[in-house]
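These notes are about the structure you will find just below.
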Amino acid sequence: LVGTGVTVSGTQLNFAPGAVDTTDRPLDWQIEGEGFFQVRTIQDGSEIASYTRAGNFAQNAVGNIVLANSGGALLDPPIAIPADAIEIAVGRNGEVRVLQEGASALSTIGQIELARFVNPEGLKQIGRNLYIETDASGAPVTGTPQSDGLGATIQGHLEMSNVDPVRELIDLITTQRAFELNSQSIQSADESLRVVSTLRRF
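Using our numbering, read the sequence shown as starting at 250 and increasing by one per residue.
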């Protein structure tokens with residue numbers, strides 16, 4: 250018997266919340282609830298809007314907040330940290346404030362904006378935990394955290410992967426056993442056909 254092979258019919262994105270890791274880093278932000286951070290990435294030589302749930306940000310050489318481990322994707326809208334900032338505070342509403350040397354109070358330097366989609370599972374993956382909009386996802390609806398159904402920004406925390414390694418390993422073993430059983434069935438059917446073919450010769 251000759252099989253036709255196996256092909257992947259499709260993949261489905263799962264944006265269920267993952268575990269939360271407390272890092273206490275001022276530029277690590279968790280989205281508690283719905284929404285994506287907005288960043289600017291370069292694709293095929295053009296700058297495009299991209300979206301991510303990963304909140305591990307950092308400062309680049311000129312102080313702009315960028316997404317770490319993403320080739321320097323710039324936070325959108327952009328926020329720059331002053332060189333003399335000695336403290337960074339991010340509120341649940343996305344307000345970014347800093348305490349500068351010689352100052353007695355925090356001052357606001359920017360506002361984080363989040364985006365949400367009617368169908369986030371319709372987003373297209375482009376790698377490094379980044380996504381872009383598609384017709385299936387619908388256009389982004391943007392706003393400040395804690396408004397219009399958007400989640401809150403939690404400083405010093407990161408949302409981790411929502412994949413359960415143990416469950417995935419069990420599923421892998423189950424699938425492998427099912428594949429082995431199917432292979433044995435095909436082999437038995439093939440042997441039966443050979444026997445029938447041999448009997449017909451007599």
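In this text, a Cβ means the ideal position worked out from N, Cα and C, and glycines have one as well.
This one's a predicted model, so the numbers in the text were calculated from it and none came from an experiment.
Quick one: grab the DSSP three-state call for residue i.
i, result
"ALA322", "strand"
"ALA364", "strand"
"ALA277", "A quick correction: the sequence has Asp, not Ala, at residue 277. Of the three classes helix, strand and coil, the one that applies to ASP277 here is strand, per DSSP."
"GLU497", "Given a span of 250 to 451 for the chain in the structure shown, any question on residue 497 remains unanswerable."
"LEU442", "helix"
"GLY387", "coil"
"GLY371", "helix"
"ARG289", "strand"
"THR447", "helix"
"GLU417", "With a pLDDT of 49 at GLU417, under the threshold of 50, the modelled position of this residue cannot be trusted, and the question is left open."
How big is the Cα-Cα spacing for residue i and residue j?
i, j, result
"SER434", "ARG443", "14 Å"
"PRO394", "ASN342", "5 Å"
"LEU323", "TYR300", "11 Å"
"MET409", "THR272", "11 Å"
"GLN349", "ASN318", "27 Å"
"GLY340", "GLY320", "26 Å"
"GLN279", "GLU440", "58 Å"
"SER446", "ILE375", "52 Å"
"ASP506", "GLY387", "Residue numbering for the chain in the displayed model covers 250 to 451; residue 506 lies beyond these limits and cannot be assessed."
"GLU281", "ARG426", "39 Å"
"GLY267", "ALA303", "11 Å"
"GLY284", "PRO389", "10 Å"
"GLU336", "PRO369", "34 Å"
"LEU355", "GLN287", "25 Å"
"ARG289", "VAL315", "9 Å"
"LEU372", "GLY351", "46 Å"
"GLU296", "ALA329", "19 Å"
"GLU382", "ILE291", "15 Å"
Would you mind giving the Cβ-Cβ distance between residue i and residue j, rounded to the nearest angstrom? I have them listed as a contact below 8 Å.
i, j, result
"LEU407", "ASN305", "6 Å"
"VAL345", "GLN360", "7 Å"
"ILE358", "PRO331", "7 Å"
"ALA298", "LEU276", "Rounded, the Cβ-Cβ distance is 21 Å, inconsistent with contact."
Any heavy atom of the ligand COA closer than 7 Å to the CB of residue i?
i, result
"GLY343", "Within the structure as shown, the ligand COA is missing, as the structure has no ligands at all."
Discussion item. Would the segment 353-366 count as touching the segment 399-407 if we require 3 or more Cβ pairs under 8 Å?
Written reply: yes
Worksheet item: If we count Cβ pairs, one from each stretch, closer than 8 Å, do we get three or more for the segment 385-394 versus the segment 310-324?
Response: no
Item to complete: At 3 residues or longer, and completely inside the segment 291-363: list those beta strand (DSSP E) runs for me, N to C.
Response: 295-301, 306-308, 314-316, 322-324, 334-339, 344-349 and 356-360
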